[in-house]
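Single-structure report; data block below.
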Amino acid sequence: MSIYKIAVLAGDGIGPEVMAEAIKVLDACAQRFHFQPQYQAVKVGGAAIDAYGEALPAATLQACEQSDAILFGSVGGPKWTHLPAAQQPERAALLKLRQHFDLFCNIRPARWYAGFEHLSPLKPQTTAKGMDIVCFRELTSGIYFGAKERSEQSASDTQTYQRDEIRRIAIKAFQTAVHRRGKVTSIDKANVMASGVLWREVVSEVAQQFPQVQLEHMYVDNAAMQLIRDPSQFDVLLCDNLFGDILSDELAAIAGSLGLLPSASINASRFGLYEPAGGSAPDIAGQGSANPIAQILSAALMLRYSFANEAAACAIETGVTHALKQQQVTADLTSTNPVSTARVGDAVAQFITEEVAAWA
Ligand SMILES: NC(=O)C1=CN([C@@H]2O[C@H](COP(=O)(O)OP(=O)(O)OC[C@H]3O[C@@H](n4cnc5c(N)ncnc54)[C@H](O)[C@@H]3O)[C@@H](O)[C@H]2O)C=CC1
Ligand SMILES: CC(C)CC(=O)C(=O)O
Ligand SMILES: [Mg+2]
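Each residue of the sequence shown is one higher than the one before, counting from 51 in our numbering.
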């Protein structure tokens with residue numbers, strides 16, 4: 051039986067609550083698809099600061115290094131914002147992990163689920179056209195990792211991109227577009243940014259290796275507007291680190307809730323960190339009301355990308371669709387009879403245990 055070594059970093063806020071449901075669902079999958087998950091649960095972010103005085107203790111990093119994949123909650127919250135910027139959970143733990151494991155390729159799929167289109171702020175005639183977008187975001191360079199300076203009167207962040215950094219994320223986006231609707235929309239601000247000009251140049255070079263894929267360049271301000279006007283025009287979005295961060299939250303809002311959007315951050319060896327696209331949601335932490343679907347779908351992406359177990363990944367995705375159809379949903383998705391975080395996990399796990407056999 052295959053052993054899947056998984057470092058479990060639940061993090062802060064709603065992290066531990068939604069992580070418990072992802073593990074429940076993974077355990078159901080393990081039974082059904084005959085693999086053996088070996089979890090190593092360690093602290094990260096604010097929880098690690100509270101316990102050990104630092105956001106990414108050596109033992110946490112070591113647990114990640116000894117694993118095949120990292121399942122990550124979210125980190126950060128008001129309790130730790132007084133710390134110097136470099137010690138805060140987001141930078142000291144999450145950005146450090148992304149850099150340490152060279153997780154340059156961030157993948158965020160966004161779609162509408164049948165029966166939940168009304169949660170989108172877009173008009174029914176727009177949602178009727180459908181949305182199925184995958185956002186590819188460069189994750190280990192750009193302005194989040196460039197030189198930063200701060201004096202009393204000024205502050206600066208630097209955006210630097212190397213050709214190779216743009217090329218490798220562009221290749222991933224094009225390779226995916228080949229198996230989808232064959233369109234890549236590359237986002238930049240080449241009308242004012244030097245890094246945007248280079249981005250456009252390198253993406254155009256990569257496009258020549260994929261003649262079956264249509265490449266469109268779009269300025270980020272226009273893209274932000276076009277996504278709201280008509281998301282059905284997009285197939286694969288290709289973004290730098292900053293623009294991908296912003297547009298993927300916009301995608302979450304268009305989809306109906308940040309609680310629905312998973313993400314995969316992978317490196318060239320298919321090692322990956324899998325986490326919800328959203329944050330630690332301190333405003334609803336501890337209430338048992340957070341939507342665990344983003345975390346559960348992140349576990350599905352882990353099975354697909356790091357363990358090449360497509361059947362198990364599909365089972366989770368189908369289980370999520372089933373839970374939604376059965377109205378087993380949290381308060382972000384319904385105002386009438388919302389269920390708890392745990393009930394959503396139960397519904398997905400139960401589907402995998404009891405019903406997958408019928409179609410697997
Ligand atoms: N990957 C990570 O670890 C990330 C961490 N953060 C951190 O999280 C903290 C809070 O950040 P915010 O800007 O408030 O963003 P957030 O994404 O945590 O929350 C934004 C809004 O979405 C809601 N929301 C998010 N996830 C939800 C879920 N699963 N179910 C139901 N509602 C959900 C929240 O309740 C809130 O109203 C900050 O410290 C931020 O830096 C933010 C983004 C990513
Ligand atoms: C802390 C941030 C850099 C993380 C974030 O907002 C994201 O990855 O979407
Ligand atoms: Mg973000």
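C-beta: ideal position from N, C-alpha, C; glycine also.
Need the endpoints of the beta strand (DSSP E) that residue i sits in, please.
i	result
residue 389	Premise fails: residue 389 is in no beta strand (DSSP E) and is neither H nor E.
residue 93	Per DSSP, residue 93 belongs to no beta strand (DSSP E) and is neither H nor E.
residue 108	Taken as a continuous stretch (DSSP letters only), residue 108 belongs to no beta strand (DSSP E), being part of the alpha helix (DSSP H) at 108-115.
residue 370	First-last for residue 370: 360-375, but that is the alpha helix (DSSP H), not the beta strand (DSSP E).
From the DSSP output, in three-state form, read off residue i for me.
i	result
residue 140	helix
residue 224	helix
residue 352	helix
residue 288	strand
residue 128	helix
residue 314	strand
residue 405	coil
residue 167	helix
residue 215	helix
residue 104	coil
residue 336	coil
residue 133	coil
residue 306	coil
residue 77	helix
In the DSSP output, which residue or residues are listed as bridge partners for residue i?
i	result
residue 52	85
residue 265	234
residue 120	57 and 323
residue 198	207
residue 182	161
residue 187	156 and 289
Residue range of the alpha helix (DSSP H) that residue i falls in?
i	result
residue 174	174-177
residue 245	244-257
residue 426	As displayed, the chain neither begins before 51 nor continues past 410, which places residue 426 out of reach and without an answer.
residue 239	Per DSSP, residue 239 belongs to no alpha helix (DSSP H) and is neither H nor E.
residue 150	146-150
Evaluate contact between the stretch 239-250 and the stretch 127-144, counting only Cβ atoms and requiring at least three cross-stretch pairs below 8 Å.
no
Are three or more beta carbon pairs between the stretch 191-211 and the stretch 170-177 nearer than 8 Å?
no
Looking at C-beta atoms only, is the number of pairs between the stretch 150-168 and the stretch 122-134 that lie closer than 8 Å three or more?
By the C-beta criterion, the stretch 150-168 is judged not to be in contact with the stretch 122-134, since fewer than 3 inter-stretch pairs fall below 8 Å.
Given 8 Å as the limit, is there contact between the stretch 349-368 and the stretch 381-393, that is, 3 or more CB pairs closer than that?
no
Touching or not, the stretch 327-341 and the stretch 221-232, by the rule of three or more beta carbon pairs under 8 Å?
no
Is there contact between the stretch 80-99 and the stretch 155-173, where contact requires at least three CB pairs shorter than 8 Å?
no
How do the stretch 291-307 and the stretch 180-188 stand: do at least 3 beta-carbon pairs fall below 8 Å, yes or no?
yes
Quick check: the stretch 309-321 against the stretch 202-213, are there 3 or more CB pairs under 8 Å?
no
Touch check for the stretch 354-361 and the stretch 327-337: three-plus C-beta pairs under 8 Å?
No, the stretch 354-361 does not touch the stretch 327-337.
Assess, as a yes-or-no matter, whether the stretch 82-92 is touched by the stretch 282-291 under the definition of 3 or more beta carbon pairs within less than 8 Å.
no
Using 8 Å as the Cβ pair cut-off and three pairs as the minimum, do the stretch 258-278 and the stretch 312-322 touch?
no
Do three or more CB pairs link the stretch 116-124 to the stretch 55-70 at distances below 8 Å?
Three or more beta-carbon pairs separated by less than 8 Å link the stretch 116-124 to the stretch 55-70, which places the two stretches in contact.
Is it true that the stretch 367-380 meets the stretch 99-117, where meeting means three or more beta-carbon pairs spaced less than 8 Å apart?
Verdict: no, contact absent.
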